[in-house]
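Numbering that gives the first Met the number 0 applies: residue 0 is where the sequence shown begins, and numbers increase by one. Heads up, the beta-carbon is just placed ideally off N, CA and C, and yes, glycines get one too.
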Amino acid sequence: MLEGIRPTKADLTGRFGLSQRLSVRIGALLASKVELTATVLESAKPGSPVEAFFLRREILAEAASLDTDRIQTLAADAKLDLDLAVEDQGARRVIGLEEELAAAADFAAPPPALSGNGLALMPIDVDPMLALMPAAGALAGASMSADDVAKLKLTILTGVEPKAKIEALRKIVIAALPQNEKGMLLLRAISDESPEVRAEAAAGLRALGLDD
């Protein structure tokens, strides 16, 4: 499942570094119930082919009916070197990369129940605080609003302060999100420039049993 985001204009021009013109176009797409993933937004820097593509008249004119076949045809015409996909999620359409869909499907696949010797596989190195306080963690996660979770995701994907990212990673582990979504966010943080952020992401993956 593609994760579309609904950023503010300040987020688009500040955190994502997009042009004012593209920010206006993103706002118009949001009004048409079309969202973009953070990965696509990160690729749409000023002067880039991705920016020029999303400023095309057809993107906004056909927003309500865009599907993967159509957006790939438009991308091919524009010689865009990205494999875009459109996911119809009922109340909205989300534009992302095909590899994001593939990654989401892989994370969603259940792990094998048994190892080769017939013994059940168990998560290793689980955070002791999560093990000691599962009820508290679940309660804290359930109390987060959709906006709270969206802000955590944005901080993990686009934040620059290691301390803020680490706090967001700790909260996302206990948030009321599907396991595969948590895994995708933690894997993105594994490649962060900060060793402290990478270590926290690795700890989160261990806590979720996704470090194999």
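In terms of Cβ geometry, residue 15 and residue 157 form a close pair [threshold 8 Å]. Here residue 93 has 1, 3, 34 and 86 as same chain residues with Cβ atoms under 6 Å from its own Cβ, once five neighbours each way along the sequence are excluded.
Burial state of residue 20 is exposed, judged by a 10 Å Cβ sphere holding fewer than 16 other Cβ atoms. Approximately 6 Å separates the beta-carbon atoms of residue 96 and residue 82; this is inside 8 Å, confirming the contact. Scanning 18, 29 and 49 for the CA closest to the CA of residue 80 turns up 49. If only complete runs of 3 or more residues are kept, the region 42 to 107 shows the beta strand (DSSP E) at 83 to 87 and 92 to 96, in order along the chain. Secondary structure of residue 172 (DSSP, three-state): helix. For the pair residue 174 and residue 143, the Cα-to-Cα distance works out to about 7 Å. Going by DSSP, residue 154 is part of the alpha helix (DSSP H) stretching over 145 to 157. The beta carbon of residue 75 sits closer than 6 Å to none of the beta carbons in its chain outside the five residues before and after it. The criterion of a C-beta distance shorter than 8 Å is satisfied by residue 151 and residue 170. Secondary structure note for residue 195: it is in no beta strand (DSSP E), and the uninterrupted alpha helix (DSSP H) holding it is 194 to 206. Closest in C-alpha terms to residue 179, from the list 91, 99, 24 and 11, comes 99.
Separation of residue 6 and residue 69 (C-alpha to C-alpha, rounded to the nearest whole angstrom) is 25 Å. Contact between residue 44 and residue 26 does not hold, since their C-beta atoms are separated by about 18 Å, which reaches or exceeds 8 Å. Cβ-Cβ separation between residue 188 and residue 200: approximately 4 Å, consistent with a contact (criterion under 8 Å). Closest in C-alpha terms to residue 167, from the list 62, 203, 46 and 39, comes 203.
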